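Read in the working numbering, the sequence shown has 170 at position 170, and its numbers run on one by one without any break.
Below: the structure, in structure tokens.
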Amino acid sequence: MKSISIHGATGSIGLNAIDIIKRHPDRFNLRVLIGGSKIAPLVQLAKEMNIPYVAIADQTQYKALKEALPTDTTVFAGESGVLEASALNVDVCLAAITGSAGIRPTYTALSHCKSLAIANKESIVAAGEQILAKAKQCGTQIIPVDSEHSAVFQVLRSDKLDDLESVTITASGGPFRTLPIEQFSSITKEMALKHPNWAMGPKNTIDSATLMNKGLEIIEAALLFNLSANKVKAIVHPQSIIHGMSSYVDGTTLAHLSLPDMRTPISYALGYPERTTCDVPTLDLIKLATLTFEAPDHQRFPCLKIAEDCLRADQFHRIVMNAANELAFNKFMNNEIHFTQIPEVIYDILESAKPHRINTISDIISLDNLIRGEI
Ligand code: MG
1 MKSISIHGAT GSIGLNAIDI IKRHPDRFNL RVLIGGSKIA PLVQLAKEMN
51 IPYVAIADQT QYKALKEALP TDTTVFAGES GVLEASALNV DVCLAAITGS
101 AGIRPTYTAL SHCKSLAIAN KESIVAAGEQ ILAKAKQCGT QIIPVDSEHS
151 AVFQVLRSDK LDDLESVTIT ASGGPFRTLP IEQFSSITKE MALKHPNWAM
201 GPKNTIDSAT LMNKGLEIIE AALLFNLSAN KVKAIVHPQS IIHGMSSYVD
251 GTTLAHLSLP DMRTPISYAL GYPERTTCDV PTLDLIKLAT LTFEAPDHQR
301 FPCLKIAEDC LRADQFHRIV MNAANELAFN KFMNNEIHFT QIPEVIYDIL
351 ESAKPHRINT ISDIISLDNL IRGEI
């Protein structure tokens, strides 16, 4: 029986994880739920599953949450409350808060869990060095939840890294893969929020439309698997059936295939090293019949190139890029900028940011706050 905590319990990853946990009451014991600001689903889940520890990031909702839950539930709120809840000991912590808000809770959880199932890719992009060093120090295993990284983690398991030539992650290409580039200026929020293959939260969906998601994932892969920038590649594969591949010096390429359903990688991360049923059918390759591949179009999707350049640069540039992307995402969602301005905002911030020395998690958080608050 594994005890579990979920950071980002009411988001898309959190709810998918709960769906899996509910199917296996003999294997998983959900102990801690951390939500952002959505009180109703948090209360409903906590009551239904009898969760002893519940936290909400929005401090103003403490009283309402406390009153809605049974008296024996321990309730935390605000930034410090989220960190207190992150410091509760569990077997597996699912880190699924969106964006840089997840950095500190993820870092805190590392010394209080045996394995960290990492879905919060932004925390690896911005703070990968510090997170991986602390995991090593604490003896905590990091299991990726991002579908591409789960795939790479699985195909890399049996081979020596010396023999590895490259790792490839796939991108669906998002909703605008074939849209004429002249029409990009008229892309609306509603159009960008409709992903052709994956059901995900808004941040991940918009990042997928700009291909910044793949940029973040290239960086995530390089850090998680300790690979140099030239060994990590992204290719467009519109069917989203192959998620990740590893290629070796003898001409072998190993690929991981599954339907595009996040429950597969989530169940793998929760149950690792055992596999866990999660109601996702195995592939019918005859029915699928065709898998296609193409090179990513950097002109159409400048965010991917920006991320590749930041991976080749240093941690400072990655932190700035990640924060600038979150800022641009918020501006786009608030109808303050057009879709085509997202890479422009990121590029301008990267150009004007003054270098900072980065050593600690606090250095990362203050730079992230500075960038997101500055412009
Ligand atoms: Mg992904």
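C-beta: ideal position from N, C-alpha, C; glycine also.
On a predicted model such as this, the values are computed, not experimentally measured, just so you know.
Three-pair Cβ contact test at 8 Å for the stretch 280-288 versus the stretch 192-199: No: fewer than three Cβ pairs fall under 8 Å.
Opposing strand residues paired with G35 [DSSP bridges]: Start at 1 with the first residue of the sequence shown, and residue 35 comes out as number 35. Its beta-bridge partners are I56.
T74 versus A40: straight-line alpha-carbon distance, rounded: Locating residue 74 in the sequence shown gives position 74, where the first residue counts as 1. Locating residue 40 in the sequence shown gives position 40, where the first residue counts as 1. Their Cα atoms are separated by approximately 17 Å.
C-alpha distance - R27 paired with E274, whole-angstrom precision: Here residue 27 corresponds to residue number 27 of the sequence shown, with the count starting at 1. Here residue 274 corresponds to residue number 274 of the sequence shown, with the count starting at 1. Put simply, the backbone Cα of R27 is about 11 Å away from that of E274.
Beta-carbon proximity list for H298, same chain, < 7 Å, skipping 5 on both sides: Counted from its first residue, the sequence shown places residue 298 at position 298. These residues qualify, in order along the chain: L304, K305.
Any non-hydrogen atom of the ligand MG within 7 Å of D261 CB: In the sequence shown, residue 261 corresponds to position 261, counting from 1. No, the ligand MG has no heavy atom inside 7 Å of this Cβ.
Backbone secondary structure at H317 - three-state DSSP: Residue numbering aside, residue 317 sits at position 317 when the sequence shown is read from its first letter. In this structure, H317 counts as helix in the three-state DSSP scheme.
Cβ pair count under 8 Å reaching 3, the stretch 132-146 against the stretch 105-115: Verdict: yes, contact present.
Distance between N29 and K2 (C-alpha atoms, nearest Å): Along the sequence shown, read from residue 1 onward, the residue named residue 2 stands at position 2. Along the sequence shown, read from residue 1 onward, the residue named residue 29 stands at position 29. Rounded to whole angstroms, the gap between the alpha carbons of K2 and N29 is 6 Å.
E217: CB within 7 Å of a non-hydrogen atom of the ligand MG: Position 217 of the sequence shown holds residue 217. Yes.
As assigned by DSSP and simplified to three states, the class of I143: What you label residue 143 is simply residue 143 of the sequence shown in a count that begins at 1. Reduced to three states, the DSSP call for I143 is strand.
F301 versus A289 - alpha carbon distance: The residue given as residue 301 occupies position 301 in the sequence shown. The residue given as residue 289 occupies position 289 in the sequence shown. C-alpha separation (whole angstroms): 28 Å.
Euclidean distance between Cα positions of R357 and A126: For the purposes of this step, residue 357 is taken as the residue at position 357 of the sequence shown. For the purposes of this step, residue 126 is taken as the residue at position 126 of the sequence shown. So the alpha carbons of these two residues sit roughly 13 Å apart.
Check: S147 C-beta below 7 Å from any heavy atom of the ligand MG: In the sequence shown, residue 147 corresponds to position 147, counting from 1. Judged by the Cβ position, S147 qualifies as a neighbour of the ligand MG at the 7 Å threshold, a heavy atom of the ligand being closer than this.
Same chain, Cβ closer than 6 Å to K134, neighbours up to 5 away in sequence not counted: Locating residue 134 in the sequence shown gives position 134, where the first residue counts as 1. Contacts found: L110.
When H243, E308, L179 are compared against S228, the one with the closest alpha-carbon: What you label residue 228 is simply residue 228 of the sequence shown in a count that begins at 1. Out of H243, E308, L179, the CA that lies nearest to the CA of S228 is found in E308.
Three-state secondary structure assigned by DSSP to D91: Residue mapping note: residue 91 aligns to position 91 of the sequence shown, counting from 1. In the three-state reduction of the DSSP assignment, D91 falls in the strand class.
Nearest-angstrom Cα separation, counted from G251 out to L327: Numbered from 1 along the sequence shown, position 327 holds the residue referred to as residue 327. Numbered from 1 along the sequence shown, position 251 holds the residue referred to as residue 251. When rounded, the distance between both Cα atoms is 42 Å.
Touching by the beta-carbon criterion (3+ pairs, under 8 Å), the stretch 356-372 and the stretch 206-225: Fewer than three beta-carbon pairs drawn from the stretch 356-372 and the stretch 206-225 are found closer than 8 Å, and the two stretches are therefore not classed as touching.
Selection from D146, D19, L65, E122 that minimises the alpha carbon distance to I34: For the purposes of this step, residue 34 is taken as the residue at position 34 of the sequence shown. Nearest of D146, D19, L65, E122 to I34, Cα basis: L65.
Unbroken alpha helix (DSSP H) run spanning A68, endpoints: As a first step, residue 68 is located in the sequence shown; it is residue number 68 there, counting from the start. Counting along the chain, the alpha helix (DSSP H) containing A68 begins and ends at 62-68.
Through-space distance from A95 to W198, alpha-carbon basis: Translated into positions along the sequence shown, residue 198 becomes position 198. Translated into positions along the sequence shown, residue 95 becomes position 95. Going from the Cα of W198 to the Cα of A95 covers about 19 Å.
Coil, strand or helix - N407 by DSSP: Since the first and last residues shown for the chain are 1 and 375, residue 407 lies out of range.
V167 beta carbon less than 8 Å from that of G271: Along the sequence shown, one-based indexing puts residue 271 at 271. Along the sequence shown, one-based indexing puts residue 167 at 167. No, the pair does not count as a contact, with Cβ atoms beyond the cut-off.
Continuous alpha helix (DSSP H) assignments of at least 4 residues falling wholly in the stretch 84-136: If only complete runs of 4 or more residues are kept, the stretch 84-136 shows the alpha helix (DSSP H) at 103-109, in order along the chain.
Backbone secondary structure at T168 - three-state DSSP: Position 168 of the sequence shown holds residue 168. Under the three-state reduction of DSSP, T168 is assigned to strand.
Integer-rounded CB distance, given that A85 should sit under 8 Å from Y62: In the sequence shown, residue 62 corresponds to position 62, counting from 1. In the sequence shown, residue 85 corresponds to position 85, counting from 1. A85 and Y62 do not touch by the CB rule: their CB atoms are close to 13 Å apart, not below 8 Å.
Residue span of the alpha helix (DSSP H) that contains G288, given as start and end: Translated into the one-based positions of the sequence shown, residue 288 becomes position 288. The identity of residue 288 in the sequence shown is Leu, whereas the question assumes Gly. Taken as a continuous stretch (DSSP letters only), the alpha helix (DSSP H) holding L288 covers 285-288.
Whether L257 touches I241 by CB criterion (8 Å): In the sequence shown, the residue the question calls residue 257 occupies position 257. In the sequence shown, the residue the question calls residue 241 occupies position 241. Closer than 8 Å, so yes.
Secondary structure of Y268, DSSP reduced to three states: In the sequence shown, the residue the question calls residue 268 occupies position 268. DSSP places Y268 in the helix class (H, G or I) of the three-state scheme.
7 Å CB neighbourhood of I375 in its chain, flanking five on each side removed: Taking the first residue of the sequence shown as 1, we reach residue 375 at position 375. For I375, the predicted structure reports a pLDDT of 39, less than 50, and the residue's modelled location is therefore unreliable. The matter cannot be settled from this model.
Outcome for V145 when other beta-carbon atoms lying within 10 angstroms are tallied against a minimum of 16: Residue numbering aside, residue 145 sits at position 145 when the sequence shown is read from its first letter. Result: buried.
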